[in-house]
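Colleague:
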Amino acid sequence: AVQRNGGVVGVVSSGNFSPVLEVGIALAFVPPAVAQVGTTVDIDVRGSLLAAEVVPTPFVQRS
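So for the sequence shown, the working numbering puts the first residue at 145; every next one is plus one.
#1: How far does the beta strand (DSSP E) with GLU197 in it extend, from its first residue to its last?
#2: Just to confirm my understanding: we take VAL204, look at its own chain, exclude 5 residues before and 5 after, and list those with CB closer than 6 Å. What are they?
#3: Applying the 10 Å Cβ sphere with the 16-neighbour rule, what's the burial state of ALA196?
#4: Taking 7 Å as the threshold (C-beta atoms), are GLY154 and VAL167 in contact?
#5: Is any heavy atom of the ligand MN found at a distance shorter than 6 Å from the C-beta of PHE203?
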């Protein structure tokens, strides 16, 4: 689940560790107000909350 201010605001559709970025990345369904770049949220990963930030896609820029 995606949480903000203690409440559930969305759901993660997929997530994994990115060896290129060396961080976890995910895609989630959230309302437009939460989908703004720079918005901070918490992601429930197997019962632990991890801090996350909405960033623009693509996650990796091609060179």
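Glycine is no exception: its CB is placed at the ideal position from the N, C-alpha and C atoms.
Modeller: This is what the structure gives:
#1: First-last of the beta strand (DSSP E) with GLU197: 192-197.
#2: If we look at VAL204 and ignore the five residues flanking it on each side, its Cβ neighbours are VAL164.
#3: By the Cβ neighbour-count rule, ALA196 is buried, with 16 or more other Cβ atoms within 10 Å of its own.
#4: Contact: no.
#5: This structure lacks the ligand MN; in fact it carries no ligand of any kind.
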